[in-house]
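J.: Every letter in the sequence shown is one number past the one before it in the working numbering, and letter 15, counting from 1, is 16.
For every residue, glycine included, the Cβ atom is placed at its ideal position computed from N, Cα and C.
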Amino acid sequence: KLTLTFTVSEPDGHAMKVEYIKGSDAETWMDFKDSYKLIINGPDVPAGNYSATVKATDKYGLATVIPVNYTIMENQTPVVIEQIENVLLSGLHVTQTVDVKSYFNDPDDDVLSYTVQNKSTSVAHIVVNDGKINVTSLSLGFADVTIIATDPKGAAVSQSFKVAVQEKGATLMVYPNPVVDYLNVST
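The following block contains the structure:
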């Protein structure tokens, strides 16, 4: 969002009228009598060039016109900036919080929303809250989890990680069983 503030005055103190001519549906015009605000919300319209107009006219018909030209850029897809590490929980009903906001970025500085896909809901319960996920262990095992970051225009990126739940006090965890390519050992 871009907010522009206008203060309009008449040097001779004459009464005047301020008109606003809309350039696109991205604009919101606010009249505060002594000042004016124009808010431009880029995600509300397609990419392109737009022009609004602010016109101040005094009681004698003398006018000043101010064009407000702006460009809405193409939306850019969010990006992964760091891989989320696998989560290891020792014991049942243990919760770990992961700040997923620090793993994604939006080149347009849009606020991202996050959703979770959990393939093993019996192993881990995952809740998204304000850019963070709370992972709670429910039973021993493994869960494949995908986090999807979406911008206001619907462009999205995702990344996956694993959740492992082991017995509390376990000194060694070896998985998967059976081994296909790699054997993971955690302590």
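Alanine 53 and lysine 23 - do their beta-carbons sit closer together than 8 angstroms?
T.: A contact, by the Cβ cut-off of 8 angstroms.
J.: Near methionine 17, what residues of its chain come up, given a Cβ to Cβ distance below 8 angstroms and the 5 sequence neighbours on each side ignored?
T.: Once the five neighbours on either side are set aside, the close Cβ partners of methionine 17 are Val9, Glu11, Ala57, Thr58, Asp59, Lys60.
J.: Tell me the DSSP secondary structure of valine 101 in three-state form.
T.: DSSP, reduced to helix, strand and coil, places valine 101 within a helical segment of the structure shown.
J.: Name the two residues that bound the continuous beta strand (DSSP E) containing histidine 126.
T.: Segment 125 to 130, the beta strand (DSSP E) holding histidine 126.
J.: Note down, in chain order, each residue of its chain lying with its Cβ closer than 6 angstroms to the Cβ of isoleucine 84, except the 5 sequence neighbours on either side.
T.: According to the sequence provided, residue 84 is glutamine. The question's isoleucine does not apply to it. Counting only Cβ-Cβ distances below 6 angstroms, and skipping sequence neighbours, we find nothing.
J.: Measuring CA to CA, which of Glu168, Val80, Val136, Val19 is closest to valine 112?
T.: Cα-wise, what sits closest to valine 112 is Val80.
J.: What does threonine 116 pair with, by DSSP beta-bridge criteria?
T.: Ile149
J.: In whole angstroms, give me the CA-to-CA distance for threonine 78 and valine 180.
T.: 37 angstroms
J.: Assuming lysine 133 and valine 95 form a contact by the criterion Cβ under 8 angstroms, report the distance between their Cβ atoms to the nearest whole angstrom.
T.: 16 angstroms between Cβ atoms; not a contact.
J.: Between the alpha carbons of aspartate 1 and glycine 43, how many angstroms are there, rounded?
T.: Outside the shown range of the chain (2 to 188) lies residue 1, about which nothing can therefore be said.
J.: Taking the CB atoms as reference points, tell me whether lysine 34 and leucine 5 lie closer together than 8 angstroms.
T.: no
J.: Quick one: which unbroken alpha helix (DSSP H) runs of 4-plus residues sit fully inside the segment 46 to 106? Chain order, please.
T.: none
J.: State the Cα-Cα distance for the pair leucine 3 and glycine 155, rounded to the nearest angstrom.
T.: Near 20 angstroms, if we compare the C-alpha coordinates of glycine 155 and leucine 3.
J.: What is the rounded straight-line gap between the Cα of serine 91 and the Cα of glutamine 160?
T.: One C-alpha to the other measures close to 24 angstroms.
J.: Less than 7 angstroms between C-beta atoms, sequence neighbours within five positions excluded: which residues of the same chain meet that for lysine 169?
T.: Ser91, Gly92
J.: How is the beta strand (DSSP E) around aspartate 32 delimited, first residue to last?
T.: 28 to 32 is the span of the beta strand (DSSP E), which, as asked, contains aspartate 32.
J.: Going by the DSSP bridge assignment, what does lysine 133 pair with across the sheet?
T.: In the DSSP assignment, lysine 133 forms a beta bridge with Asp100, Asn130.
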